[in-house]
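Taken in sequence, the protein lines are chains A and B. Under the numbering used here, the first residue of the first sequence carries the number 1, and numbering increases by one thereafter. Under the numbering used here, the first residue of the second sequence carries the number 1001, and numbering increases by one thereafter. Glycine included, C-beta positions come from ideal geometry on N, C-alpha and C. Since the structure is predicted, the reported quantities are computational estimates derived from the model, not experimental observations. Have a look at the structure below, then the notes.
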Amino acid sequence: MYVAGVLALREWKRYWTTPVAYLVAFLFFLVLGWIFYGTVAQALFVPGMVPGPEVIFGPALTLLVFSIPALTMRSLSEENRWGTLELLLTAPVREWEVVLGKWLGVMGVLTLLLAATLVYPLSLEYLVEPGIDWGHVAAGYLGLWLVAAALSALGVAVSALFRSQIAAFVVTLAVFLALWLVGMFAEAGSGGQAAVVFQHLAFARHFALHFARGVVDLAGVVYLLSLTAFGLFAGTLFLEGHKWRAD
Amino acid sequence: MIEVYNLTKFYGTRPAVQGLTFRAEKGEIVGFLGPNGAGKTTTMRILTTYLAPTAGTARVAGFDILDAPLEVRRRIGYLPERVALYDDMRVRDFLMFMGRLRRVSRLKQRVDEVLEQVDLTDRATSIIGTLSQGMRQRLGLAQAILHNPEVLILDEPTLGLDPAQRVEVRRLITELGWERTVLLSTHILPEVQQVCRRVIIIHKGRIVAQDTTEALGERLEGSRRILIQVAGQEDLTPLLTRLQNLPGVLAVAPRDGHGLEIRTQAHLDLRPQVARTVLESGYDLLELRSMTLSLEDIFLHLIQQEDEEGEPEPESPEVAAPSAEASEATPTSESKGEAA
């Protein structure tokens, strides 16, 4: 664990020396701020409309889907390209510690980012009488954080397979979109067993139906945590794979 | 200590290393010598637990590379082939990072010491990406010795260094070798002769020879050569004939100018007799030296032998043509004999 901590700290520092993290933060605040302002301004003219914290949850989820691949594309692909993986894995570092360290690093960035967006619910608290439901906010943020955890674990895993950041980005995004769209297909389909499975696989569905509405859905929590564990495990397997690689 | 048993690694169906068995004791610097693509890097990657062998195993510092890779990793220092470093980090930060991963105690002080040892103190705050190849190489070495490992595995440690730095790094390695096991790979032959007590020569993934540098020479030397330069008379034929008649002389051949090369039986030292004969025949002796095979000769010889014995492969002669790096070597090492 100590070693994973050392790696996470290094990863965290590295994010702030490259433009990607700042760019993602900028996009987050640009898009969320715009939507937030729009909704609040609209509420001034529409009688009876009370904006709730959910106005930012949907857009924040979309932003996560597109920005996490940009954050994780470097994490292991660069170690592959620079050959520094050889340095790490001949030091007393286990494969899972490398993956965990990388994931903790990106989660640090994402947690900070999500925490910073609390500025929107906080301002709503002052704008709306009699204030907002903080339970709703907590559930929404828990959902967002769990989705971020799952997606970034998958992103780190995918980056282990590539030497090129661009390839890692494209494939990670494809995986995310597939998981996202799977829910839509389930809705459109005729139902049945397969549809139920697909609905469970769709992280966006868990989020939109429960967390974003202020409900902590146990099935959703379990699913997102399993997806996180799966990502970390897959990443570890991919790293261990280099030992037997045949080139 | 490094013990390697029957180590084999296939990349797909292509064998990279086949049936390697050798030992390196504590306090020993072993040179791992072979042409490019012979399997040196693959072997080192297996010993450092970065790659898994297809068959066979090895014990490094007393731990099996397959059963206890983490224990092995704790006890080794490794300089990888292309010195992979984090180009975006600063020199000192990088060493601090590696030191924390390895839980080095009194790390700050140790980093200063190591920077001093590899002569990078004045570049401690430079970004690694801006360093020259030689500096990168030395930083890689610093990283490898940071935690005082029992076993050092160095893949081409002097690559990209200028001659002065090369001497410095060799001195450092020799020093480190006193209380450690050092396995270093190189294709610079004189380097092995200077630094290593023992040499393992591998070619196409197999060991073709392993012994001390001197023993290797003796084993291959079927004959001894004496080279002389004479003056006094233009015609060397009478001298040539007289030398040829000396007991133990196999052949005499004229060399450029007023020189003669005398081949004698390996176990005889005929230098006194040769000198006497020259003087008694009325010539002046300007120079007399005996020539022994250099490591380079041995190396080329062994590899040629191997290629001839093995199935004919057309693409083999990329082998050991002395590279630009090796050109600092004198073609044969010469030990000056004293004229009697």
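| Asked | Found |
| --- | --- |
| Min CB distance Ala-1084 of chain B to chain A below 8 Å | yes |
| Rounded C-alpha distance that separates Val-128 of chain A from Phe-57 of chain A | 18 Å |
| With 16 other Cβ atoms within 10 Å as the buried cut-off, status of Tyr-248 of chain A | No answer is possible for residue 248 of chain A: it lies beyond the span of chain A, which begins at 1 and ends at 247. |
| N- and C-terminal bounds of the beta strand (DSSP E) containing Phe-211 of chain A | Where Phe-211 of chain A is concerned, there is no enclosing beta strand (DSSP E), given that its DSSP letter is neither H nor E. |
| Proximal chain B residues relative to Val-3 of chain A, where beta-carbon distance stays under 7 Å | Leu-1101 |
| Contact set between Leu-1070 of chain B and chain A, taken where Cβ atoms lie within less than 8 Å | Pro-92, Arg-94 |
| C-beta neighbour in chain A for Val-1269 of chain B, strict 8 Å | Per the sequence shown, residue 1269 of chain B should be read as Asp rather than Val. Answer no: the Cβ-Cβ gap between Asp-1269 of chain B and chain A never drops below 8 Å. |
| CB contact flag (Thr-1008 of chain B, Ala-1055 of chain B, <8 Å) | yes |
| 7 Å CB neighbourhood of Ala-25 of chain A in its chain, flanking five on each side removed | Leu-113 |
| Chain-ordered chain A contacts of Arg-1074 of chain B [CB-CB under 8 Å] | Pro-92 |
| Gln-1194 of chain B versus Arg-1170 of chain B: straight-line alpha-carbon distance, rounded | 8 Å |
| Contacts around Gly-143 of chain A, its chain only, beta-carbon distance under 6 Å, and the 5 residues preceding and following it disregarded | Phe-207, Phe-211 |
| Residue span of the alpha helix (DSSP H) that contains Ala-8 of chain A, given as start and end | 2–15 |
| Asp-1122 of chain B burial status per 10 Å Cβ neighbour count (16 or more: buried) | exposed |
| Span of the beta strand (DSSP E) around Tyr-1078 of chain B | 1076–1079 |
| Helix, strand or coil at Thr-1057 of chain B according to DSSP, with G and I counted as helix | strand |
| Leu-288 of chain A to Leu-179 of chain A span [Cα, whole Å] | The requested residue 288 of chain A does not occur in the structure, where chain A is confined to residues 1 to 247. |
| Proximity test, Cβ basis, 8 Å: Pro-1052 of chain B and chain A | Here residue 1052 of chain B is Ala; the residue named in the question, Pro, does not match the sequence. Taking Cβ atoms only, chain A reaches closer than 8 Å to Ala-1052 of chain B, which makes this a yes. |
| Best match in B:Ile-1228, B:His-1203, B:Thr-1186, B:Met-1096 for proximity to Asp-1256 of chain B [C-alpha to C-alpha] | B:Ile-1228 |
| Simplified DSSP assignment, three categories, for Val-1208 of chain B | strand |
| Cα-Cα separation between Met-49 of chain A and Ala-43 of chain A, rounded to whole angstroms | 5 Å |
| 6 Å CB neighbourhood of Phe-162 of chain A in its chain, flanking five on each side removed | Ser-77, Ala-168 |
| Chain B residues whose Cβ lies nearer than 8 Å to that of Val-6 of chain A | Phe-1097, Arg-1100, Leu-1101 |
| Chain A within 8 Å of Tyr-1005 of chain B, Cβ atoms only | no |
| Residue range of the beta strand (DSSP E) that includes Ile-1202 of chain B | 1198–1203 |
| Beta carbon proximity, Leu-161 of chain A to chain B, threshold 8 Å | no |
| Best match in B:Gln-1304, B:Leu-1139, B:Glu-1280 for proximity to Gln-1233 of chain B [C-alpha to C-alpha] | B:Glu-1280 |
| Cβ-Cβ distance between Trp-82 of chain A and Asp-1087 of chain B below 8 Å | yes |
| Near-chain B residues of the stretch 66–84 of chain A - C-beta to any C-beta below 8 Å | Trp-82, Gly-83, Thr-84 |
| Coil, strand or helix - Ile-1002 of chain B by DSSP | strand |
| Contact with chain B by Leu-127 of chain A, beta-carbon distance below 8 Å | no |
| For Gly-1031 of chain B, the residue or residues it bridges with in DSSP | B:Leu-1184, B:Val-1199 |
| Of the residues A:Val-216, A:Ala-195, A:Gly-220, the one placed nearest Ala-204 of chain A, counting alpha carbons only | A:Gly-220 |
| Closer than 8 Å to chain B by CB, Glu-86 of chain A | yes |
| Within 7 Å of chain B by C-beta, residues of the stretch 144–156 of chain A in sequence order | none |
| Glu-1179 of chain B (DSSP reduced to helix, strand or coil) | coil |
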